[in-house]
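>
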Amino acid sequence: MERKNCAERLKELLEYFGIKQNDLSKRTGIPKSAISMYIKGERVPKQNRISDIADAYNINEAWLMGFDVPMKRQISDRDIGNAFANDNLFDIIDNIPALSPHEKSHFTNYLQLLEINRKKADNYVEQLLSIQEMDKALELNAAHARTDIEVTEEMKKHDDDIMNDDSEWE
Numbered sequence: 023m024e025r026k027n028c029a030e031r032l033k034e035l036l037e038y039f040g041i042k043q044n045d046l047s048k049r050t051g052i053p054k055s056a057i058s059m060y061i062k063g064e065r066v067p068k069q070n071r072i073s074d075i076a077d078a079y080n081i082n083e084a085w086l087m088g089f090d091v092p093m094k095r096q097i098s099d100r101d102i103g104n105a106f107a108n109d110n111l112f113d114i115i116d117n118i119p120a121l122s123p124h125e126k127s128h129f130t131n132y133l134q135l136l137e138i139n140r141k142k143a144d145n146y147v148e149q150l151l152s153i154q155e156m157d158k159a160l161e162l163n164a165a166h167a168r169t170d171i172e173v174t175e176e177m178k179k180h181d182d183d184i185m186n187d188d189s190e191w192e
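Numbering (the working numbering), first residue to last: 23 to 192.
1) Decide if residue 60 is buried, meaning its Cβ has at least 16 other Cβ atoms within 10 Å, or exposed.
2) State the start and end residues of the unbroken alpha helix (DSSP H) segment that holds residue 64.
3) At a cut of 8 Å, does the segment 41–50 reach the segment 74–86 through at least three beta carbon pairs?
4) What is the DSSP secondary structure of residue 153, reduced to helix, strand or coil?
5) By the three-class DSSP mapping on this structure, what secondary structure does residue 118 have?
6) I'd like to know whether the C-beta atoms of residue 190 and residue 184 end up nearer to each other than 8 Å.
7) Would you call the CB atoms of residue 112 and residue 25 closer than 8 Å?
8) Please list, in chain order, all residues of the same chain as residue 132 whose beta carbon is under 8 Å from its beta carbon, the five residues on each side excluded.
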């Protein structure tokens with residue numbers, strides 16, 4: 023496979039995050055003119071600039087340089103452990119672009135709980151997920167709750183096919 027160049031990767035980055043060159047400049051501190059030249063392929067960013075961009079968007083530097091590796095950085099267990107030890111989780115959560123402000127609030131609230139209350143929250147969430155799964159199963163099988171006739175497997179399959187066909191619900 024042919025290796026992509028940094029200019030192509032920067033274009034992909036802008037598209038992926040839905041940002042403009044100006045946004046990239048503000049977030050990284052790299053002058054707009056330099057970013058423009060990088061994207062046009064007129065200049066190749068030095069390693070410190072690649073690091074600045076990669077750090078700002080939590081992407082893999084090797085990907086940004088065009089190598090065939092995942093775009094997103096892989097977070098290791100050691101990194102997570104260090105984050106706990108260094109109390110950086112709030113910053114990490116705040117810088118995850120995929121999370122909505124509401125989701126970020128959930129994570130930061132959870133981190134502020136005492137350990138005993140975290141366990142209670144974990145148990146409650148597990149119970150809610152279990153109930154949600156049961157509700158889903160009941161909802162899917164609600165059409166089978168006939169008492170006036172004997173429901174055959176063929177009838178159940180027919181009902182399931184209808185329930186699983188999105189065009190039936192448009």
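Ideal Cβ placement from N, Cα and C applies to all residues, glycine included.
Looking at the coordinates:
1) In the sequence shown, residue 60 corresponds to position 38, counting from 1. Buried, because 16 or more other Cβ atoms sit within 10 Å of the Cβ of residue 60.
2) The count along the sequence shown starts at 1 and reaches residue 64 at position 42. Neither: residue 64 is in no alpha helix (DSSP H) and is coded neither H nor E.
3) yes
4) The sequence position of residue 153 within the sequence shown is 131, counting from 1. Reduced to three states, the DSSP call for residue 153 is helix.
5) Here residue 118 corresponds to residue number 96 of the sequence shown, with the count starting at 1. Coil, per DSSP.
6) Here residue 190 corresponds to residue number 168 of the sequence shown, with the count starting at 1. Here residue 184 corresponds to residue number 162 of the sequence shown, with the count starting at 1. Yes; because the gap between Cβ atoms is below 8 Å, this pair is in contact.
7) Indexing the sequence shown from 1 puts residue 112 at position 90. Indexing the sequence shown from 1 puts residue 25 at position 3. Contact: no.
8) Locating residue 132 in the sequence shown gives position 110, where the first residue counts as 1. Correct list, in chain order: 140, 143.
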